[in-house]
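**Q** Residue numbers (the numbering used here), protein chains in the order written: chain A, 1 to 329; chain B, 330 to 554.
The C-beta atom is built at its ideal place from N, Cα and C for all residues, glycine as well.
(1) Spell out whether any CB of chain B is found under 9 Å from the CB atom of residue 328 (chain A).
(2) By the three-class DSSP mapping on this structure, what secondary structure does residue 536 (chain B) have?
(3) Pull out every residue of the region 447-469 of chain B whose Cβ sits closer than 7 Å to any Cβ of chain A, in chain order.
(4) Between residue 405 (chain B) and chain E, is the shortest Cβ-Cβ distance under 9 Å, so that the two count as touching?
(5) For residue 267 (chain A), report the span of its beta strand (DSSP E) as first-last.
(6) If distances are taken between C-alpha atoms only, which option among A:150, A:245, A:166 and A:218 comes closest to residue 230 (chain A)?
(7) 9 Å is my cut-off, CB to CB: does residue 1 (chain A) come that close to chain B?
(8) Could you give the C-beta distance for residue 529 (chain B) and residue 361 (chain B), rounded to a whole number, given that I count them as a contact under 8 Å?
(9) Put residue 353 (chain B) into one of helix, strand or coil per three-state DSSP.
(10) Using 8 Å for Cβ pairs, my map puts residue 418 (chain B) next to residue 237 (chain A). What's the rounded Cβ distance?
(11) Which residues in the same chain have their Cβ closer than 7 Å to the Cβ of residue 221 (chain A), if we skip the five residues on either side of it in sequence?
(12) List the residues of chain B that residue 244 (chain A) touches, going by C-beta distances under 7 Å, in chain order.
(13) By the criterion of Cβ-Cβ separation under 7 Å, what are the contact partners of residue 6 (chain A) in chain B?
(14) Is there a C-beta anywhere in chain B that falls below 9 Å from the one on residue 32 (chain A)?
(15) What's the call for residue 517 (chain B), buried or exposed, on a 16-neighbour Cβ count within 10 Å?
(16) Is the region 186-201 of chain A touching the region 94-105 of chain A, taking contact as three or more C-beta pairs under 8 Å?
(17) Does DSSP classify residue 118 (chain A) as helix, strand or coil?
(18) Starting from the C-beta of residue 408 (chain B), find all residues in its chain whose C-beta is less than 8 Å away, skip the five residues before and the five after it, and write them out in chain order.
(19) Give the residues of chain A in contact with residue 440 (chain B), contact being defined as C-beta atoms less than 7 Å apart.
(20) What are the boundary residues of the alpha helix (DSSP H) that residue 180 (chain A) is part of?
(21) For residue 332 (chain B), tell me which candidate among B:381, B:394, B:463 and B:452 has the shortest Cα-Cα distance.
(22) Touch check for the region 201-219 of chain A and the region 253-270 of chain A: three-plus C-beta pairs under 8 Å?
(23) Is the beta carbon of residue 152 (chain A) less than 9 Å from the beta carbon of residue 174 (chain A)?
(24) Do the region 368-378 of chain B and the region 343-350 of chain B make contact, defined as three or more Cβ pairs closer than 8 Å?
(25) Can you tell me whether DSSP reads residue 84 (chain A) as helix, strand or coil?
(26) Which first and last residues belong to the alpha helix (DSSP H) in which residue 338 (chain B) is found?
(27) Could you list the residues in the region 518-550 of chain B with a C-beta less than 9 Å from some C-beta on chain A, going in chain order?
(28) Just grab the DSSP bridge partners of residue 38 (chain A) for me.
(29) Could you give the uninterrupted runs of the alpha helix (DSSP H) lying entirely in the region 462-544 of chain B, keeping only those of 4 residues or more?
(30) With a threshold of 9 Å between beta-carbons, can residue 378 (chain B) be considered close to chain A, or not?
(31) Grab me the residues of residue 72 (chain A)'s own chain with a C-beta within less than 8 Å of its C-beta, minus the 5 sequence neighbours each way, in chain order.
(32) Going by beta-carbon coordinates alone, are residue 10 (chain A) and residue 474 (chain B) separated by less than 9 Å?
(33) For residue 300 (chain A), report the span of its alpha helix (DSSP H) as first-last.
(34) Can the beta-carbon of residue 148 (chain A) be found less than 9 Å from the beta-carbon of residue 92 (chain A)?
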């Protein structure tokens, strides 16, 4: 470079980036962000062991509630499969004719909440009772069939919750031909109560572990800030804004969160694979084709997105607390 | 450009580091700040660079009363001041080029402009061939020149230097001073703290002398020979 051109460049009136075109400024801004974004990843990659350790802590903390959430999802799916057991028995009035009963059956089958309904005539009921109860002889002594006709209603999958089933029961009970409507809901209610407890536990645990992730990332970033103290001082001295100084640390938090999320996903996936065999075997013993479902797209998104958000939150916390304290002297 | 009005700086539990200092430097002026170590030279420079706030009195830089600059505006005030530190204050994990480019990156200069300006600045301090080196591989004098390149690369209207020739041999010191004069020649205000009285007196510029925090001598503006 020749001396004259240099002097002209350095000594002429001060050029300001603000004078350049908007597109140029935007491109520069994006370039800087991309540089810091990947630069902070590179910085983490230069200390792979400590980075992985931090990411592993985050991963485990995220995997725990995710795993429980997955368990719950599977349980809900399984209880959906048991919906056949949540049957409502409608005992029809004695004076209901065969034809009326058929009409009623058709009417009930059309209800959106109902998955299926089956009609058991008085004769069929008697035959079944005779077969199963062992009172065949005694019943034969009766000159009249004491059993009413029954319609057995199975609520649909979407309406299997206790409240919805209860509502359906009320509607069916109001039908004129129905003498008595019965539902044994106790076990469903118990199951749902247990699931509600598990759900709440997952929420509380998730909240605590999220807090843990924030603190882990916060502490890691705090150490990174301490390590780069001199650099921060120098950048402040030559006019770097807080935002400029904050940027690499926030991006580090982002990467920690993302890496932790990915590790958490790997852990959950490994657990699902490890458990799937024995569970399929157990389900087979119950004549069920149930098999463990892995995390769905929403769960994966929540895990990765949540990890990133927590990472950012942790670094934001650390940066907010500690950058201010570092001032050039 | 620089106006001190009865400025006093007191650190808790000590005597006044500066007391009742008043002077004025016009834009485009060049002056030297001298005095024994502990006389208050560094404190005075720190007040200008907003590293410290005056306990009493008023410091006005570039028309801005520094006492009234809110915290978030401080970086923008500092961008107008090129500071050369006695201890260089370089980033040791970055190359010479990246160190000099830092002020331009902070200000958001476009990439192409950064390359041209950094090389021009490095050429000025005769370090162009070391642009890829890391500061630790440089001598003290070379590190000092990297610091100077970083201070001038944005062509700030005010240049402060704290003992810039402290580690340099006389020949190099003279070169650096000539560089400051060159910048001063194009309108940059230059204030150099130094106790190298030999060199300063040869320059024949305005001289502010501090003693125990008081301004005891000022050869006055226009004293240039």
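**A** Let me lay it out:
(1) As a first step, residue 328 (chain A) must be located in the first chain, where it is residue number 328. Residue 328 (chain A) counts as touching chain B.
(2) Here residue 536 (chain B) is taken as the residue at index 207 of the second chain, counted from 1. Residue state, collapsed to three classes: strand.
(3) Result list: 448, 449, 450, 452 and 453.
(4) Note that chain E does not occur in the displayed structure, where the protein chains are A and B.
(5) Residue 267 (chain A) sits at position 267 when you count from the first residue of the first chain. Boundaries for residue 267 (chain A): no beta strand (DSSP E) harbours it, while the alpha helix (DSSP H) harbouring it runs 242-285, taken from the DSSP string.
(6) Taking the first residue of the first chain as 1, we reach residue 230 (chain A) at position 230. In terms of Cα proximity to residue 230 (chain A), the closest of A:150, A:245, A:166 and A:218 is A:245.
(7) On the first chain, residue 1 (chain A) is found 1 positions in, with the first residue counted as 1. With a pLDDT of only 49 at residue 1 (chain A), under the threshold of 50, the placement of this residue in the model should not be trusted; the figure read from the coordinates follows. Output row for residue 1 (chain A): interface = yes.
(8) Against the second chain, residue 529 (chain B) aligns to sequence position 200. Against the second chain, residue 361 (chain B) aligns to sequence position 32. Sure, about 5 Å apart at Cβ, within 8 Å.
(9) Within the second chain, numbered from 1, the residue matching residue 353 (chain B) stands at position 24. In the three-state reduction of the DSSP assignment, residue 353 (chain B) falls in the strand class.
(10) The sequence position of residue 418 (chain B) within the second chain is 89, counting from 1. The sequence position of residue 237 (chain A) within the first chain is 237, counting from 1. Indeed, because the Cβ distance is near 7 Å, the residues count as touching under 8 Å.
(11) Counted from its first residue, the first chain places residue 221 (chain A) at position 221. Cβ within range, chain order: 249, 252, 253, 314, 315, 318 and 319.
(12) Numbered from its first residue, the first chain carries residue 244 (chain A) at position 244. Going along chain B in sequence order, the residues near residue 244 (chain A) (Cβ under 7 Å) are 435.
(13) Numbered from its first residue, the first chain carries residue 6 (chain A) at position 6. Counting only Cβ-Cβ distances below 7 Å, residue 6 (chain A) has contacts in chain B at 449, 452 and 453, in chain order.
(14) Looking up residue 32 (chain A) in the first chain gives position 32. Yes, residue 32 (chain A) counts as interfacial toward chain B.
(15) Locating residue 517 (chain B) in the second chain gives position 188, counting from the first residue. With at least 16 other beta carbons inside 10 angstroms of its own, residue 517 (chain B) counts as buried.
(16) Taking a cut-off of 8 Å for Cβ pairs, the region 186-201 of chain A and the region 94-105 of chain A do not touch, as fewer than three such pairs fall below it.
(17) Looking up residue 118 (chain A) in the first chain gives position 118. In the structure shown, residue 118 (chain A) sits in a strand (DSSP, three-state: E or B).
(18) Sequence index remark: in the second chain, residue 408 (chain B) carries index 79 (1-based). 432, 435, 436, 483 and 485, listed in sequence order.
(19) What you label residue 440 (chain B) is simply residue 111 of the second chain in a count that begins at 1. Going along chain A in sequence order, the residues near residue 440 (chain B) (Cβ under 7 Å) are 28 and 31.
(20) Within the first chain, the letter at position 180 stands for residue 180 (chain A). Not the alpha helix (DSSP H): residue 180 (chain A) falls in the beta strand (DSSP E), residues 178-183.
(21) As a first step, residue 332 (chain B) must be located in the second chain, where it is residue number 3. Closest by alpha carbon: B:394.
(22) Here the region 201-219 of chain A makes contact with the region 253-270 of chain A; the two share three or more CB pairs at distances below 8 Å.
(23) Looking up residue 152 (chain A) in the first chain gives position 152. Looking up residue 174 (chain A) in the first chain gives position 174. No. Outside cutoff.
(24) Contact holds: three or more Cβ-Cβ distances are below 8 Å.
(25) Against the first chain, residue 84 (chain A) aligns to sequence position 84. Bear in mind that a pLDDT of 49 at residue 84 (chain A), under 50, signals an unreliable position, so the number given afterwards is only what the model happens to contain. Residue state, collapsed to three classes: helix.
(26) Translated into positions along the second chain, residue 338 (chain B) becomes position 9. Per DSSP, residue 338 (chain B) lies in no alpha helix (DSSP H); the unbroken beta strand (DSSP E) holding it starts and ends at 331-339.
(27) Within the region 518-550 of chain B, no residue qualifies.
(28) Against the first chain, residue 38 (chain A) aligns to sequence position 38. By DSSP's assignment, residue 38 (chain A) forms no beta bridge with any residue.
(29) DSSP assignment within the region 462-544 of chain B yields the following whole alpha helix (DSSP H) runs of 4 residues or more, N-terminal first: 469-481, 499-514 and 526-532.
(30) Numbered from its first residue, the second chain carries residue 378 (chain B) at position 49. Between residue 378 (chain B) and chain A, the shortest Cβ-Cβ separation is below 9 Å.
(31) Along the first chain, read from residue 1 onward, the residue named residue 72 (chain A) stands at position 72. Only 195, 198, 199 and 202 meet the Cβ criterion.
(32) Looking up residue 10 (chain A) in the first chain gives position 10. Looking up residue 474 (chain B) in the second chain gives position 145. Annotated as distal: residue 10 (chain A) and residue 474 (chain B), with beta-carbon spacing of 9 Å or more.
(33) What you label residue 300 (chain A) is simply residue 300 of the first chain in a count that begins at 1. Looking at the DSSP string, the run of the alpha helix (DSSP H) that includes residue 300 (chain A) is 297-322.
(34) To locate residue 148 (chain A), count along the first chain from 1; it is residue 148. To locate residue 92 (chain A), count along the first chain from 1; it is residue 92. Their beta carbons are under 9 Å apart, which means residue 148 (chain A) touches residue 92 (chain A) by this criterion.
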